[in-house]
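These notes concern the structure reproduced below.
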Amino acid sequence: MMKTIAVVLLILKVCSCANFDYFIFSIMWPNSYCNSPDSPISCYGSTHIKQEFNIHGLWPTSRSGSNPEYCDNSNYFRIKEVAKLQGKLNTYWVDLTDQFTNNKFWKREWNKHGTCSLNVFPTQRAYFSATIGLMEKVFFDINQKFREKGIVAGPRNVSYGLSKIEDVVREATSYTPRIVCNYNDANQTQLHEIHFCVYMDGRTFFSCNLAHRCAFNTVLFPDTPTQSSMLNLYKVHNVSVINSAIEFSLRAAGIPKNIAPIISVVIDYPMESFQVNSQNKAKLLVIPKRVPKFKVGKMKVTQSDMEKKVEMLDSLGNPWVILGDSEKRLLLNESNKSVGEKVAYMVSQGLKVIACVGETHEQRELGSTMDIIAAQTKSIAERISNWDNVVLVYEPLWAIRTGKVATSAQVQEVHSELRKWLHVNTSPQVAATTRIIYGGFMTGRTCKELVAQRDVDGFLVDEDFSKEEFIDIIKCAMVKKDV
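Taken in order, the sequence shown gives residues -17 to -1, 1 to 466; the numbers are from mature numbering (1 follows the signal peptide of the UniProt record, and there is no 0).
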């Protein structure tokens, strides 16, 4: 009898699902959130993530307006269940109130909304995976279409018609959204969120028949946080702790100090703290060379604030700057000339530059990979004569967060051709000594094939990697013959 009761109770628990009619998938503009007087003081906005839309959540929604929330307090958030998704979660679903971790944001969204969707997503991984999938369906299309139609984040005296924003989103995604606005500290209306309606399968969009939540027909699209939100912009946190944490993890993994590679932590602009066991946005430069210690560096830089960033870098001892990031080239329409000018300026200031080059999927399909990369590299070569502080990164956009993987042969082909280009267009010395590293998708397993290639001098490791995979990549870099 007891066994029967136990089974019945289990079934009742599994089937106690919330009632709702569809989902709302919400993406938000970070600076509008941080510009609001209601935002927390510790709001980092564009100082914490790129100038891109960020996931707010996936919410079970009822047509009656009574939406379910906090449906199962016993089904608490477990970070281990989404461990394999953390790379993409850290890219698309960032906590703007916490510069060290995004886990608290994910926990809030799961507890409040995820627990009410168990009839659709029985596990946390299913819920978060579906949300990421929705983001990937609209992310690049919206950013690209905004740029094409002239909707660009800007100052407070630039506004856009609400109907135009709706039309552009509809053109980019084929679905009518709901636009949600908020107010900045000057009581001006600004674009805050875009809501998409999703069928009960949690994966298929449909056009919303919902009124926009904006008081006026014109809205701002802010490019920076307000002054009060900028207080944390120029703080550098725990640089010595970063070095110590990396060194401790490498020692624990059995990597001897006397043959360790250079490991530079290059934090996305503006500066964030990074710890080995965290999932904050960071890129790590792995170069297989014999050096005595580890060093920490820095960040992506915009044209308008280069002088300030140089001032910030003085305290770091071994500063690095990432320029020409392939996603930035695409999303922000950054020109080769602009990248070349930034590289030249940073080199002139004594900084070390990680200059990214790479092609899109369409460019590769057209057979123009080397034409594109040659043009990108030429814009740099025309403006500098000393390459001692420049590392080139082959960063194929089609092999970054797309599920596509460049083969070791494809990578070697590009690296080899790029080195030949340097030989002909700069000098044999520059070609022989300039390090060309790979910045596309790889794993601790595939890096062994990559590092065996003659012209692959190291890796630019993105935040998608766990500590264990990072250690694996370090180890495979150590077997390079010239270590």
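Ideal Cβ placement from N, Cα and C applies to all residues, glycine included.
The structure presented is a predicted model; accordingly, all values stated were derived computationally and were not measured.
Beta-bridge pairing of Ile7 - partner residues as DSSP gives them:
Trp42, Cys180
- What separation, rounded to the nearest whole angstrom, lies between the Cα atoms of Leu104 and Leu41? Note that residue 104 is Phe in the sequence shown here, rather than Leu. C-alpha separation (whole angstroms): 11 Å.
Check your understanding: If you follow the alpha helix (DSSP H) that Cys339 is part of, which residue opens it and which one closes it?
Key -> Element bounds for Cys339: not the alpha helix (DSSP H) but the beta strand (DSSP E), 335 to 340.
Count the other C-beta atoms from every protein chain shown that fall within 10 angstroms of the C-beta of Thr311, then say buried if there are 16 or more, exposed otherwise.
Checking the sequence, you will find Lys at residue 311 rather than Thr. With 16 or more other Cβ atoms within 10 Å, it is buried.
Rounded to whole angstroms, what's the CA-CA distance from Gly341 to Glu35? Just pull it up for me. 21 Å
Q.
Counting C-beta neighbours from all protein chains within 10 Å, is the total for Phe111 16 or more, i.e. buried, or is it exposed?
A. buried
What residue from Val413, Arg108, Ala389 has the CA that sits closest to Ile367's CA?
Val413
Q) For the 8 Å Cβ check, are there 3 or more pairs between the segment 160 to 177 and the segment 3 to 20? A) yes
Considering only the alpha carbon of each residue, which of Val322, Glu317, Ser318 lies closest to Val304?
Val322
Query raised in the report: Comparing alpha-carbon positions, which option in Asn319, Pro43, Asn140 lies nearest His182?
Result: It is Tyr, not His, that sits at residue 182 in the sequence shown. It is Pro43.
By the three-class DSSP mapping on this structure, what secondary structure does Val274 have?
The pLDDT assigned to Val274 is 32, lower than 50, so where the model puts this residue is not dependable; a value taken from the coordinates is nonetheless given after this. Correct three-state label for Val274: coil.
In whole angstroms, what is the alpha-carbon distance linking Glu345 and Ser351?
-> 9 Å
DSSP puts Gln173 in a beta bridge; with which residues? Asn165, Leu203
| request: Count the other C-beta atoms from every protein chain shown that fall within 10 angstroms of the C-beta of Val65, then say buried if there are 16 or more, exposed otherwise. | output: buried
*What is the rounded straight-line gap between the Cα of Val388 and the Cα of Arg91?*
34 Å
- Task: Whole angstroms is fine: what's the gap from Ile419's alpha carbon to Leu380's?
- Result: 17 Å
I want to know whether the segment 136 to 144 touches the segment 68 to 79 - three or more CB-CB distances under 8 Å. no
Leu145 (DSSP reduced to helix, strand or coil): helix
### Query
In terms of alpha-carbon separation, which member of Phe8, Asn37, Pro51, Leu68 lies closest to Asn2?
Pro51
### Message
Here's the rule: buried if 16 or more other CB atoms are within 10 angstroms of the residue's CB, otherwise exposed. What is Thr390?
### Response
exposed
Alpha-carbon to alpha-carbon, Ser9 and Ser22: 18 Å
The alpha helix (DSSP H) spanning Ile115 covers which residue range? 107 to 131
- Can you give me the Cβ contacts of Arg402 inside the same chain, cut-off strictly under 7 Å, excluding the 5 residues immediately before and after it? Ala414, Ile419, Asp438
Is any beta-carbon of chain B found at less than 8 Å from that of Cys99?
In summary, chain B is missing from the structure at hand, where a single protein chain is found.
**Prompt:** Should Tyr143 be labelled buried (16 or more other beta-carbon atoms within 10 Å of its own) or exposed?
**Reply:** buried
task: Over the uninterrupted alpha helix (DSSP H) stretch that includes Trp370, give me the two end residues.
output: Taken as a continuous stretch (DSSP letters only), Trp370 belongs to no alpha helix (DSSP H), as it is neither H nor E.
Could you check where the alpha helix (DSSP H) with Ile89 kicks off and where it finishes? The question names Ile, yet the displayed sequence has Trp at residue 89. Per DSSP, Trp89 belongs to the alpha helix (DSSP H) from 86 to 95.
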